[in-house]
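For the protein sequence lines, the chains are F, V and R, in the order given. Going by full-length UniProt numbering, the first residue of the first sequence is number 1, and it counts up by one from there. Going by full-length UniProt numbering, the first residue of the second sequence is number 1, and it counts up by one from there. Going by full-length UniProt numbering, the first residue of the third sequence is number 1, and it counts up by one from there. Ideal placement from N, C-alpha and C gives every residue a C-beta, glycine not left out.
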Amino acid sequence: MATLMENEVFMAFTTYATIVILKMMLMGPMTGYFRITRGAFSNEEDVSRKSVEEKKKLLRTHPDVERVRRCHQNDLENIIPFVLVGLLYALTEPELSTALLHFRLFAGSRIFHTIAYVGALPQPSRGLSWIVGMLVTFSMAYRVLSTVLHL
Amino acid sequence: MATLMENEVFMAFTTYATIVILKMMLMGPMTGYFRITRGAFSNEEDVSRKSVEEKKKLLRTHPDVERVRRCHQNDLENIIPFVLVGLLYALTEPELSTALLHFRLFAGSRIFHTIAYVGALPQPSRGLSWIVGMLVTFSMAYRVLSTVLHL
Amino acid sequence: MATLMENEVFMAFTTYATIVILKMMLMGPMTGYFRITRGAFSNEEDVSRKSVEEKKKLLRTHPDVERVRRCHQNDLENIIPFVLVGLLYALTEPELSTALLHFRLFAGSRIFHTIAYVGALPQPSRGLSWIVGMLVTFSMAYRVLSTVLHL
């Protein structure tokens with residue numbers, strides 16, 4: 001088993017995969033932060049200590065909360081495919097430099113994507129960073145399919 | 001490391017996993033396509049070049065966009081578990097023919113599921129394809145647990 | 001390949017990963033159950049046999065359905081990162097007892113999280129179980145990064 005974690009490409013994959021997953025997981029607490037500071041909850045038990053009138057006010061959506069949630073959803077839609085395809089890609093024994101280029105480009109593009117999304121930066125900043133991430137995953141998927149196609 | 005990618009079952013898993021992940025990822029651009037053609041956006045910065053009046057009109061939901069998004073969500077809920085359980089399943093060294101049956105049935109059912117969902121085909125077409133995909137994953141999970149249970 | 005499934009830590013990971021994925025997948029049928037019993041659907045083809053008036057009534061959201069869906073979403077946001085980071089963690093050859101502690105704590109916390117969410121138990125029951133799950137994944141990610149960092 002140790003052989004996998006002695007392979008440099010696999011170690012690089014492990015590092016960047018963990019980083020982007022941690023980035024994705026931080027959207028959870030960030031949603032919680034915005035829910036509390038903006039006063040916008042979705043579960044009655046989350047506002048149970050408040051008066052009836054206050055409860056009604058707090059059980060609502062808020063644009064800032066929805067924005068973070070959309071960003072989190074976009075992470076689920078893009079980071080998880082990257083990690084899954086990247087795992088298979090790392091097993092096809094690509095060149096270390098090529099693999100690192102893919103992993104770094106993806107991690108950078110997704111970190112910038114979050115900044116662009118949560119900060120509501122003018123387009124096409126968010127759109128471009130999303131496309132770069134997609135292209136990295138497509139490129140890895142192409143390498144995987146062209147190396148081990150077995151239908 | 002190379003040994004994994006020389007195993008036929010693992011190669012077959014890699015192929016079908018990549019195919020269904022690519023299918024899932026295509027829902028992203030499809031959502032974008034429907035957002036643009038139907039004029040239904042969720043972020044203010046996406047319509048920043050428009051007049052104030054037009055902006056209000058464009059920041060809305062549209063049934064076609066929501067339909068594609070529900071289909072994407074259903075993919076996340078079903079395709080990712082398939083890939084994760086399938087990876088572990090492939091490592092339990094099942095028969096190649098049995099494994100291929102699982103992978104092909106899943107890929108076929110999810111491609112049909114997307115057609116049924118986006119095309120709004122009459123039920124139970126969508127429901128049945130969803131159930132077939134679930135059963136394939138349950139069957140693989142059963143094999144995994146009965147082979148390597150270690151609580 | 002067989003070596004992976006002969007490793008006790010990897011077998012334990014495989015077992016608990018499959019269990020939490022199955023738990024997550026059960027939220028799908030549970031959503032279906034609540035949609036039918038509460039009469040709240042989102043697709044027109046799902047209510048096609050009803051009269052026009054009934055259709056309008058049934059194409060709505062219902063608090064119970066939305067609650068299960070939020071629980072499902074929270075699973076996607078937490079269980080998938082656990083499985084992905086856990087896979088890499090298992091490959092770093094941790095102590096079996098330490099690994100089992102992580103896996104059991106996570107599985108327990110997420111099963112309790114579902115009970116607390118669907119049952120609308122008073123806070124902080126749901127919040128605490130969510131945090132425990134997050135901390136387990138963070139702890140595994142820390143071990144992974146401190147063992148194989150390769151930027």
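Q. Between residue 64(R) and residue 145(F), what straight-line distance do the alpha-carbon atoms span, to the nearest angstrom?
A. Looking up residue 64(R) in the third sequence gives position 64. Looking up residue 145(F) in the first sequence gives position 145. Each residue's Cα considered, the two are about 43 Å apart.
Q.
Quick test of your reading: residue 96(R) and residue 13(R), contact by CB under 8 Å. State the CB separation rounded to the nearest angstrom.
A. As a position in the third sequence, residue 96(R) is number 96, starting the count at 1. As a position in the third sequence, residue 13(R) is number 13, starting the count at 1. The pair is not a contact, with the Cβ atoms about 11 Å apart (cut-off 8 Å).
Q.
At the level of alpha carbons, what is the spacing between residue 44(F) and residue 24(F)?
A. For this step, residue 44(F) is matched to residue 44 along the first sequence. For this step, residue 24(F) is matched to residue 24 along the first sequence. Those two C-alpha atoms are separated by around 26 Å.
Q: If I'm right that residue 133(V) touches residue 110(V) with Cβ under 8 Å, what's the distance once you round it to whole angstroms?
A: Walking along the second sequence from the start, residue 133(V) turns up at place 133. Walking along the second sequence from the start, residue 110(V) turns up at place 110. The Cβ separation is near 5 Å, so the contact holds.
Q | N- and C-terminal bounds of the alpha helix (DSSP H) containing residue 97(R) | A | Reading the third sequence from its first residue, position 97 is the one you call residue 97(R). First-last of the alpha helix (DSSP H) with residue 97(R): 96 to 118.
Q: Check the C-beta distance from residue 102(V) over to residue 15(R) and give it rounded, since I have them as a contact under 8 Å.
A: The sequence position of residue 102(V) within the second sequence is 102, counting from 1. The sequence position of residue 15(R) within the third sequence is 15, counting from 1. Between residue 15(R) and residue 102(V) the Cβ distance is about 20 Å, and since that is not below 8 Å, they are no contact.
Q | Inter-residue Cα distance where the pair is residue 94(R) and residue 80(V) | A | As a first step, residue 94(R) is located in the third sequence; it is residue number 94 there, counting from the start. As a first step, residue 80(V) is located in the second sequence; it is residue number 80 there, counting from the start. Those two C-alpha atoms are separated by around 26 Å.
Q) When the Cα of residue 66(R) is compared with those of 22(R), 19(R), 38(R), which residue comes out closest? A) Your numbering for residue 66(R) matches position 66 in the third sequence. Comparing Cα-Cα distances from residue 66(R) to each of 22(R), 19(R), 38(R), the minimum goes to 38(R).
Q. Does residue 72(R) get closer than 8 Å to chain V when you measure Cβ to Cβ?
A. Along the third sequence, read from residue 1 onward, the residue named residue 72(R) stands at position 72. Yes - at least one Cβ of chain V is within 8 Å of the one on residue 72(R).
Q: Any chance you could list the alpha helix (DSSP H) runs of at least 4 consecutive residues sitting entirely within the stretch 60 to 94 of chain R, in chain order?
A: 63 to 90
Q.
Please state whether the Cβ-Cβ distance between residue 40(R) and residue 60(R) is less than 8 Å.
A. In the third sequence, residue 40(R) corresponds to position 40, counting from 1. In the third sequence, residue 60(R) corresponds to position 60, counting from 1. The answer is yes: Cβ separation under 8 Å.
Q: Assign residue 49(F) to one of three DSSP states: helix, strand, or coil.
A: Along the first sequence, one-based indexing puts residue 49(F) at 49. In the structure shown, residue 49(F) sits in coil (DSSP, three-state: anything other than H, G, I, E or B).
Q. Can you name, in chain order, every residue of its own chain whose Cβ lies under 6 Å from the Cβ of residue 217(V), other than the five neighbours on each side?
A. The structure shown does not extend to residue 217(V), since chain V spans only 1 to 151, so no value can be given for it.
Q) Quick one: is residue 6(F) buried, meaning 16 or more other Cβ sit within 10 Å of its Cβ, or exposed? A) As a position in the first sequence, residue 6(F) is number 6, starting the count at 1. So residue 6(F) ends up on the exposed side.
**Q.** Neighbourhood of residue 82(R) by C-beta distance below 6 Å, restricted to the same chain and skipping five residues each side
**A.** Numbered from its first residue, the third sequence carries residue 82(R) at position 82. In its chain, beyond the 5 residues on either side, 106, 137 have a beta carbon closer than 6 Å to the beta carbon of residue 82(R).
Q. Beta-carbon separation of residue 17(F) and residue 85(F) under 8 Å?
A. Residue numbering aside, residue 17(F) sits at position 17 when the first sequence is read from its first letter. Residue numbering aside, residue 85(F) sits at position 85 when the first sequence is read from its first letter. Not closer than 8 Å, so no.
Q) Start and end of the alpha helix (DSSP H) containing residue 165(F)? A) Nothing can be reported for residue 165(F): it is not among the residues displayed for chain F, which extend from 1 to 151.
(Q) Let me confirm a value: residue 92(R) is counted as buried when at least 16 other C-beta atoms fall within 10 Å, else exposed. Which label applies? (A) To locate residue 92(R), count along the third sequence from 1; it is residue 92. With 16 or more other Cβ atoms within 10 Å, it is buried.
(Q) Beta carbons nearer than 9 Å to chain F: which residues of the stretch 106 to 127 of chain V have them? (A) none
Q | Boundaries (first-last residue) of the alpha helix (DSSP H) holding residue 22(R) | A | The count along the third sequence starts at 1 and reaches residue 22(R) at position 22. Where residue 22(R) is concerned, the enclosing alpha helix (DSSP H) stretches over 8 to 25.
Q. Comparing the C-beta of residue 98(F) with each C-beta of chain R, is any distance below 8 Å?
A. For this step, residue 98(F) is matched to residue 98 along the first sequence. Closer than 8 Å: no.
Q. Taking DSSP as the reference, what is the three-state secondary structure of residue 39(V)?
A. Position 39 of the second sequence, counted from the first residue, corresponds to residue 39(V). Residue state, collapsed to three classes: coil.
Q: Confirm, please, whether the CB-CB distance from residue 139(V) to residue 112(V) is below 8 Å.
A: Position 112 of the second sequence holds residue 112(V). Position 139 of the second sequence holds residue 139(V). Residue 112(V) is not a Cβ neighbour of residue 139(V), given a cutoff of 8 Å.
Q: Quick one: residues in its chain with C-beta nearer than 7 Å to the C-beta of residue 35(V), no 5 flanking neighbours on either side, listed in chain order?
A: The sequence position of residue 35(V) within the second sequence is 35, counting from 1. Excluding positions up to five away in sequence, the list reads 41, 65.
Q.
Could you tell me the alpha carbon to alpha carbon distance between residue 10(F) and residue 143(F), rounded to whole angstroms?
A. Taking the first residue of the first sequence as position 1, residue 10(F) is located at position 10. Taking the first residue of the first sequence as position 1, residue 143(F) is located at position 143. If you take the alpha carbons of residue 10(F) and residue 143(F), they lie about 16 Å apart.
Q: Flag residue 145(R) as yes if its beta-carbon sits less than 8 Å from any beta-carbon of chain F, otherwise no.
A: Position 145 of the third sequence holds residue 145(R). Yes, its Cβ sits closer than 8 Å to a Cβ of chain F.
Q | Exposure of residue 77(V), with buried meaning 16 or more beta-carbon neighbours within 10 Å | A | In the second sequence, the residue the question calls residue 77(V) occupies position 77. Buried, because 16 or more other Cβ atoms sit within 10 Å of the Cβ of residue 77(V).
**Q.** Partners in chain F for residue 24(R), counting only beta-carbon separations shorter than 9 Å
**A.** In the third sequence, the residue the question calls residue 24(R) occupies position 24. Chain F residues near residue 24(R): none, gap ~13 Å exceeds 9 Å.
Q. Shorter than 8 Å from the beta carbon of residue 51(R) to some beta carbon of chain V?
A. On the third sequence, residue 51(R) is found 51 positions in, with the first residue counted as 1. No, because no Cβ of chain V sits closer than 8 Å to the Cβ of residue 51(R).
Q.
For residue 17(F), would you say it is in contact with chain V, using Cβ-to-Cβ distances shorter than 8 Å as the test?
A. Taking the first sequence and counting its residues from 1, one reaches residue 17(F) at position 17. Taking Cβ atoms only, chain V never reaches closer than 8 Å to residue 17(F), which makes this a no.
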